[in-house]
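Residue 518 is where the sequence shown ends in the numbering used here, and the numbering goes up by one at each step.
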Amino acid sequence: MSVQKETVETTDMAKFLQELRADYGQTRNLYLTLLGLPRLDAVNLIKRVEKGFSFNVLIRFQRNVALPMKEIAEWVQIPQTTLNRRRAQGRLQPDESDRVLRASRVFGKALELFEGDAGAARHWLASPQRALGGAVPMGLAKTDLGSREVEDLIERIEHGVFS
């Protein structure tokens, strides 16, 4: 698989994860692929966030996770009027880009947890989780601290540590 492959169809997500593991031995950068971004080191990724992502990055994320744009916008806390303005401008603001990156990271980890089953990842992220005090992961992941809690729970589940 070449690194140039940027858009991933959700129906092929399990196969795509297998290809990533075969090519790179890991899926650590899956969240970048969900956004259609190339593999970047942290410094260059930060520069992209500070510049603000192209609006196409948000569209690609929405297509790859197969959620309605309204749900994505709510998750990353961009009001519809602002979303319309950003679409016309063609670029997100840095803080919006950071929230889109965070959402992609959380979705990517959930996708890995469910071995590429995007439907299962979406369902889990939208369902109350007892280990999160009954909170819905997608709701918690609207903040940095909340997303860290969701990612921590995913890691605990992956390692068989239930709490």
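Virtual Cβ for every residue (Gly too), placed ideally from N, Cα, C.
Can you list, in chain order, the residues of its chain whose CB lies under 7 Å from that of residue i, leaving out five sequence neighbours each side?
i    : result
G501 : L495
A465 : A476, W479, L480, I509
G489 : P483
L422 : R477
M437 : Note on residue identity: the sequence assigns Thr, not Met, to residue 437. So no residue of the chain qualifies.
Q435 : A428
Excluding five sequence neighbours on each side, which residues of the same chain lie with their C-beta closer than 6 Å to the C-beta of residue i?
i    : result
I427 : Q417
H514 : none
F469 : A475, A476
Just tell me which of the options has its CA closest to the CA of residue i.
i    : options                : result
N384 : N411, L447, V431, R457 : R457
E467 : I512, A486, M493, W430 : I512
V431 : R415, G474, S459, V516 : S459
G391 : R415, Q444, L447       : R415
N411 : R503, D499, N439       : N439
I401 : I433, P434, V455       : V455
Do you know how far the Cα of residue j is from the Cα of residue i?
i    : j    : result
V461 : E506 : 6 Å
K425 : P393 : 26 Å
P449 : R442 : 15 Å
E429 : K497 : 9 Å
L413 : L447 : 9 Å
E451 : K406 : 11 Å
M493 : R503 : 12 Å
Thinking residue i and residue j are a contact (beta carbons under 8 Å), I'd like their distance in whole angstroms, please.
i    : j    : result
L387 : L395 : 6 Å
V398 : A473 : 30 Å between Cβ atoms; not a contact.
G463 : S409 : Not quite, the Cβ-Cβ distance comes to about 19 Å (not below 8 Å), so this is no contact.
List the residues that DSSP assigns as beta-bridge partners of residue i.
i    : result
S409 : R446
Q432 : Paired residue(s): none; Q432 is not in a bridge.
A490 : Q484
Sorted by chain position, which residues of the same chain lie with C-beta nearer than 8 Å to residue i's C-beta, five sequence neighbours on each side aside?
i    : result
D453 : V404
V491 : L480, A481, S482, P483, Q484
D499 : R457
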